[in-house]
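Using UniProt numbering, you'd call the opening residue of the sequence shown number 1 and step up by one each time.
Heads up, the beta-carbon is just placed ideally off N, CA and C, and yes, glycines get one too.
Here the structure comes first, spelled out in structure tokens, and everything after it is commentary.
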Amino acid sequence: MENKEDNKDNKKNNSSISILITLLVFALLGAGYLFYSNMQLKDQLADCSSMKQDVQQERDRVVGDLENMLVKYDSLDTDNDSIKTQLEEEKARVKELITQAKNNEWTIYKLRKEASTLRDIMKGYVKTIDSLNTENIELRAKNAEVTQKLTETEKRNENLETEKTELEEKVKIGAKLNALNMVSFAQRSNIMGTMKETSRAGRAEKIKTCFTLEKNDIAKEGERNVYIRIISPNGQVLAERTDESNMFEFDGTKGLYTVKKIVYYENRELDVCMFWDVKDELDEGIYTIEAYADKMKIGSTTFELK
């Protein structure tokens, strides 16, 4: 009876031990699984941390690339207003992308793609501006060459103008008429009504001036205004009027004339006589008579009244 009791107890003990062993095995298996799972999670966490660090580093590189791109945009310089406006727009896009990248609003893929697009656009502007600058350099060189040629041409023209002026002056001098054998004297009328020469100031009724215009083949053929100025001993020009209507231009100035006569010159010798009627009694002394044509003095002479 006791053996049966003991056998039952042994069986219970053996069963309990088996259960404990089974539970222990399961516990060990669970602990191993948990340990393995924990290790996997740690590895995954490490991988995620590394990946996050790599992503951040890549983001920082792209941001740095964008910031360098912005510096490059700032260095681009052009006089083209249209390109300047486009450059400002692209700079604004780069700044906006940098801000969004720093705020983690873009994935690395999209960030790289947008940065690459902006970089290509910038390269296009660099090429365009370099081309424009090259063209500007060439244009400036051409302008300098044209300016130099223009200066040389202007200088040649100035020289030609000077030569022309000198030649015209020579032609003018060469074409100048000269009064040859110029004589002038006072006249009075006798009882027969004939005019005779007189040296008496109180008897002078007219002043006669005669000369011969010499032959000159260079001079222009045609009508000439010939002027006589009779200058009294006190230096005054004898004239009927003293206003503008009795003046003419000569030797770069303007002055009174005593008498004027229109003659027709045919490039050969031409005898000319001119008369002035005395209005008031003349003073005693030496009178100077000057002849002018083509605004130049062509001859002079003197006579004396007593």
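Under the three-state reduction of DSSP, M192 is assigned to coil, being neither helix nor strand. The Cβ atoms of T258 and S184 do not sit closer than 8 Å to each other. For C273, the closest of A291, D280, L256 by C-alpha to C-alpha distance is A291.
Secondary-structure assignment with DSSP links G64 through no beta bridge to anything. For N178, the closest of T194, D217, K206 by C-alpha to C-alpha distance is D217. Assignment of I218 by DSSP, reduced to helix, strand and coil, places it in the coil class. L24 carries a helical assignment under DSSP once its states are collapsed to helix, strand and coil.
Taking a cut-off of 8 Å for Cβ pairs, the region 194 to 209 and the region 270 to 284 touch, as three or more such pairs fall below it. Excluding its 5 nearest sequence neighbours in each direction, M296 has C-beta neighbours in its own chain below 6 Å: K176, listed in chain order.
Restricting attention to L97, F250, V263, I289, the CA atom closest to the CA of M182 is found in I289. Under the three-state reduction of DSSP, V94 is assigned to helix.
Taking one beta carbon from each stretch, the region 111 to 121 and the region 137 to 148 have fewer than 3 pairs nearer than 8 Å; the two do not touch. With a beta-carbon spacing of about 19 Å, K306 and S189 fall beyond the 8 Å limit used to define contacts. Within the region 191 to 275, the runs of beta strand (DSSP E) that reach at least 3 residues and sit entirely inside it are, in chain order, 195 to 198, 206 to 213, 222 to 231, 247 to 250, 253 to 256, 259 to 265. The DSSP-derived three-state label of N178 is coil.
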